[in-house]
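Q:
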Amino acid sequence: MKFSAADFKRLYAEMPDEELRSLVREELSEVARPCYDAELARRRLPATPPRPTLRPAVVAARPEPEDPPEEAIQEEVEREEEEDLSPAAIFTSREEAKTARAVLQSAAIPAFLEDDTAAGGGFRLLVAASYVEQAREALGEAQ
Numbered sequence: 007m008k009f010s011a012a013d014f015k016r017l018y019a020e021m022p023d024e025e026l027r028s029l030v031r032e033e034l035s036e037v038a039r040p041c042y043d044a045e046l047a048r049r050r051l052p053a054t055p056p057r058p059t060l061r062p063a064v065v066a067a068r069p070e071p072e073d074p075p076e077e078a079i080q081e082e083v084e085r086e087e088e089e090d091l092s093p094a095a096i097f098t099s100r101e102e103a104k105t106a107r108a109v110l111q112s113a114a115i116p117a118f119l120e121d122d123t124a125a126g127g128g129f130r131l132l133v134a135a136s137y138v139e140q141a142r143e144a145l146g147e148a149q
């Protein structure tokens with residue numbers, strides 16, 4: 007399963023206003039940004055200004071690190087868009103699963119619920135494969 011624009015639309019539509027506004031637009035993937043913008047517009051919420059970057063008043067004379075090449079940036083965007091989803095946890099109760107999803111979303115980990123009860127599998131909480139360990143830690147701390 008891959009993250010798609012439809013996944014982000016559904017995720018943002020389910021978020022409370024404050025949680026949605028707490029997201030940093032500049033940190034979202036190319037696929038997620040238009041979905042985020044559309045949800046803000048639909049709710050008539052003002053966009054959150056970008057977080058200010060603190061810079062020292064005087065910078066020592068040292069070379070600035072070079073920006074990564076455009077190809078590296080594009081590869082990262084494609085990786086985010088194509089990353090498979092993996093189960094972070096499985097629940098027998100829909101309410102427990104929703105609560106766990108809220109915990110992950112508050113930790114800025116996109117999470118999706120999959121109802122697999124028809125096959126006897128319960129409610130699976132899915133996250134990008136690269137977030138599985140972070141998601142399990144967040145869920146462990148919440149308990």
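Counting in this note's numbering, the sequence shown tops out at residue 149, every number present.
Just so you know, even glycine gets a beta-carbon here, dropped at the ideal spot from N, CA and C.
None of these values were measured; they are calculated from a predicted model.
Measure the beta-carbon distance from residue 132 to residue 117 and round it to whole angstroms, keeping in mind my assumption that it falls under 8 Å.
A: Taking the sequence shown and counting its residues from 1, one reaches residue 132 at position 126. Taking the sequence shown and counting its residues from 1, one reaches residue 117 at position 111. That belief holds up - the Cβ atoms of residue 132 and residue 117 are roughly 7 Å apart, short of 8 Å.
Q: Measure how close the beta-carbons of residue 94 and residue 141 come, nearest whole angstrom, since I'm counting them as under 8 Å.
A: The residue labelled residue 94 in the question sits at position 88 within the sequence shown. The residue labelled residue 141 in the question sits at position 135 within the sequence shown. About 4 Å separates the two Cβ atoms, so the contact holds.
Q: Excluding the 5 residues preceding and the 5 following residue 85 in the sequence, name in chain order all residues of the same chain whose CB lies nearer than 8 Å to its CB.
A: Working through the sequence shown from its first residue, we reach residue 85 at position 79. For residue 85, the pLDDT reaches just 49, beneath the cut-off of 50, and the residue's location in the model is therefore unreliable, leaving the point undetermined.
Q: How long is the line joining the alpha carbons of residue 111 and residue 91, rounded to whole angstroms?
A: Taking the sequence shown and counting its residues from 1, the one referred to as residue 111 is at position 105. Taking the sequence shown and counting its residues from 1, the one referred to as residue 91 is at position 85. Their backbone Cα atoms lie some 15 Å apart in a straight line.
Q: Who are the near neighbours of residue 33 in its chain, counting only those whose CB is closer than 6 Å to its CB and skipping five residues on each side?
A: Within the sequence shown, residue 33 is the residue found at index 27, counting from 1. None.
Q: Alpha carbon to alpha carbon, how far is residue 29 from residue 18? Give it in angstroms, no decimals.
A: One-based indexing of the sequence shown puts residue 18 at position 12. One-based indexing of the sequence shown puts residue 29 at position 23. The straight-line gap from Cα to Cα measures roughly 10 Å.
Q: Kindly indicate the opening and closing residues of the alpha helix (DSSP H) around residue 19.
A: Taking the sequence shown and counting its residues from 1, the one referred to as residue 19 is at position 13. That run of the alpha helix (DSSP H) goes 11-20.
Q: Which value, in whole angstroms, describes the spacing of the CA atoms of residue 103 and residue 122?
A: In the sequence shown, residue 103 corresponds to position 97, counting from 1. In the sequence shown, residue 122 corresponds to position 116, counting from 1. Whole-angstrom Cα-Cα distance: 12 Å.
Q: Have a look at residue 37 and residue 98 and give me their C-alpha separation to the nearest angstrom.
A: Counting from one through the sequence shown, the residue named residue 37 turns up at place 31. Counting from one through the sequence shown, the residue named residue 98 turns up at place 92. Taking the straight line from one Cα to the other gives about 32 Å.
Q: Taking the straight line between their C-alpha atoms, what separation do you get for residue 106 and residue 20?
A: Reading the sequence shown from its first residue, position 100 is the one you call residue 106. Reading the sequence shown from its first residue, position 14 is the one you call residue 20. Computed Cα separation, rounded: 14 Å.
Q: Take residue 128 and list the residues in its own chain whose beta-carbon comes closer than 7 Å to its own, dropping the five residues that flank it on each side.
A: Numbered from its first residue, the sequence shown carries residue 128 at position 122. The residues are 96, 97, 98, 122.
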